[in-house]
Every structure is written in C-alpha cells, then in structure tokens.
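Written out below as structure tokens is the structure these notes cover.
Number of protein chains: 2
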Amino acid sequence: MQKQQTLSRNQKIIFDLIDKSPEPMKAYSILFNVQKKGIKAPLQVYRALDKLVEIGKIHKIESRNAFIACQNSSCQISKATAFSICESCENVSEISNTKLSKYLSNFADSSGMKYSKYNLEFFGLCKKCKSK
Amino acid sequence: MQKQQTLSRNQKIIFDLIDKSPEPMKAYSILFNVQKKGIKAPLQVYRALDKLVEIGKIHKIESRNAFIACQNSSCQISKATAFSICESCENVSEISNTKLSKYLSNFADSSGMKYSKYNLEFFGLCKKCKSK
DNA sequence: AACACTATGTAATAATATAACATTTACATG
DNA sequence: CATGTAAATGTTATATTATTACATAGTGTT
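If you read the sequences in order, they're chains G and W. All residue numbers for the first sequence refer to the numbering used here, where the first residue is 1 and numbers rise by one. All residue numbers for the second sequence refer to the numbering used here, where the first residue is 1001 and numbers rise by one.
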C-alpha cells in the first residue's frame, strides 16, 4: 500500500468538486464553480488538475478535454486507464477490467519500444441511448 | 474494397502536407504551412481535418492535439486506432497489430455498452531515447 | 434549369492551456 | 528555532486550439 497523498487546499477543493460530479468536468467549468472559494485564475485550476492527474486521483478524458475522479480506489498512478464514452449522452465511465489491463500492460510490439503507460477510450452507445 | 474517396482542393493540400510530415502536425502549424497555397483561415484547416479524419485518411492524436496520416493503406474509417508515443522525442507511430485490434474490437464488458470505436495511445520511450 | 449536397471564404469569438514572475506555506534538518 | 528547500499559491498576460455564424461557389443529379 502506498502512502496516502495529502492534498493541498486548492487541490482538495477541486478534487471534491470533480468527485461529486456525475459527469466529467471541464477546466473552465471547474473554475467557474470554485470562484466563490477564492480560486480565481485558470492557472490555479490547471495546476491542481496536473497534480491530481499525476497522483492518480483524477483522470483526463483526452478526447473530451475533461476530467473525472478515479473510480478505482486502489489506483495511485494514472498509468493504465480505460474509459467507455457514450457518443450520444456523453456519459463516461472508467473500465476496471483485469484481463484488459493485463493484456495492455503486457503489450509489446516489434518497435522495440517500452510502454510505461497507456490510455484507451472506447466509444459507442450506452444501454440507455441504444434502446431509444 | 470500398470506393476511393476523392479529395477536394483544400483537403488534398492539407492531406499531402500531413502525409509528407515525419511527425504529427498541429492545426495551426498546418495553417502556417498552407497559407502560401491560399488557405488563410483556421476554419478551412479544421474543416479539411474533420473530413480527412472522417474518411480515415488521417488520425488525430488526442493527447497531443495533432494529426498524422494513416499508415495503413486499407484503413477507410478511423474506428479502431492505436498509437505509440515516445514521451521524450514525441515520435508517434501507428500500431498495426491484428491481435490487438481483434482483441479490442471484440471487447465487451458488463456495462451493456456496444462499442463501435476505440482509440488507444501507448506512452513510453522509443528505442533511440531509451538507449540515451 | 432547378435542386440538393458538399465545399469554400471570411470575420469574429469561444474554449483550452501556458509563460513569466512574485510570494507564501509546509516541513525536514542543522 | 532558524534556515533551507520543495511545493503550492497568486496574478497578469498571452498563447494555442477550436467553433459560430453567415455568405458564396462548385459539383453532380434529374
């Protein structure tokens, strides 16, 4: 078990907001929501986001420029991430599938490259949108 | 075999540029490079990029906001993409691995979601950078 | 020619992200 | 407890990426 990271004031404010959100949040929407708590500038948000991503408390959904809290309590580092994204309602959820993560973490090809990290985004229609 | 898509003037100019580039190109770098050919505005670039992505001639590297030509001549639609990205030299290459693409295209989890598309980005150090 | 569809041109602006610099806080160690 | 150092904060300005809105032009039917 790795030691628990202590969050700074801004990091905590921003993490709490993202963690409570049912959907991925964008940086400027975060900014708008924390202005009443004294966080006034984009850079303050981006710095906290960078740190939170680094320590694995949140993940960035690259295709959406948005951030969600890590669903997986044991996840300490964002080095192996997979998401499913509904292209209709934009619902995003983190995929926790041991087989998949093992398969990808062990993936090697002929390029001689050593992979230390990956990010996978699946797109489609969620159950709800599919049945419409 | 699907029918060959005919590119329009702007699409061809922009595809040719990306196709010749040894590295992923960013939208505004593309814009700068095609201004002498009469493409003056960002929107003209983004429209061509959107179309080229749609028909699978290029792919967007989401984590880099950059575009590369498809390496795989048979690729008609960007619905199953995988890339390896060197975090040191930023070299990007498309991974064409049948096992991997089969594995991911057939992936299903318990969410009930039907996946029609995925994008995978691997990060690490390329052979060259690793040996430095 | 009339129609539908795709592509183009242009200006303005929105949304996302970083640079540069000054200051403050947390906390380990002498 | 003073001092050093790393991390975090505050602030202004600016860079980078992407879209809205509207007008016009080309292309291929029927």
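The beta-carbon is built from N, C-alpha and C at its ideal position, and this holds for glycine as well. Nothing here was measured: the structure is a model prediction, and the numbers come from that model.
Ranked by Cα distance from N72/G, the options A80/G, N65/G, K12/G are led by A80/G.
Inclusion of I1030/W and R1064/W in the CB contact set at 9 Å is not warranted, their separation being larger than that value. Using a Cβ-Cβ cut-off of 9 Å, I1058/W does not count as an interface residue toward chain G, since no Cβ of chain G sits closer than that to its own.
Annotated three-state conformation of F1107/W is coil, per DSSP. When Cβ-Cβ separations below 9 Å define contact, L1104/W makes contact with chain G.
In this chain, N1119/W is not harboured by any alpha helix (DSSP H); it is covered by the beta strand (DSSP E) spanning 1114 to 1125. Classified as exposed, Y1028/W has fewer than 16 neighbouring CB atoms from the shown chains inside 10 Å of its CB.
For K1037/W, the closest of K1026/W, V1092/W, L1017/W by C-alpha to C-alpha distance is L1017/W.
Around the beta carbon of C70/G, 16 or more other beta carbons lie within 10 angstroms, which makes this residue buried.
One Cα belongs to S105/G, the other to S1110/W, and the distance between them is close to 21 Å. Taken in chain order, the members of the region 96 to 126 of chain G whose beta-carbon sits within less than 8 Å of a beta-carbon on chain W are N97, L100, Y103, L104, F107, D109, S111, G112, M113, K114, Y115, S116, K117, Y118, N119, L120, E121, F122, F123, G124, L125, C126.
Listed by position along chain W, the residues whose Cβ is nearer than 9 Å to that of S63/G are K1060, E1062, N1119. E1121/W is positioned such that its CB atom lies closer than 9 Å to that of F1083/W. Contacts with chain W at 9 Å (Cβ-Cβ) do not include S88/G. With 16 or more neighbouring CB atoms inside 10 Å of its own CB, Q11/G falls in the buried class. V1092/W is bridged by DSSP to I1085/W.
Shown here for S1116/W: same chain residues with a beta carbon closer than 7 Å to its own, the five before and five after excluded, namely K1079 in chain order. Nearest neighbour of K1114/W by Cα position, chosen from C129/G, A108/G, F107/G, turns out to be C129/G. Between I1014/W and L1052/W, the C-beta spacing is below 9 Å. In the structure shown, I1061/W adopts extended strand secondary structure according to DSSP, grouped into three states. Distance check between K127/G and each of K102/G, E90/G, N97/G, S101/G places E90/G closest, using alpha-carbon atoms only. For S93/G, the closest alpha carbon among the candidates N1097/W, G1112/W, S1101/W, V1092/W is that of G1112/W.
Within a 10 Å sphere around the beta-carbon of L49/G sit 16 or more other beta-carbons, which makes this residue buried.
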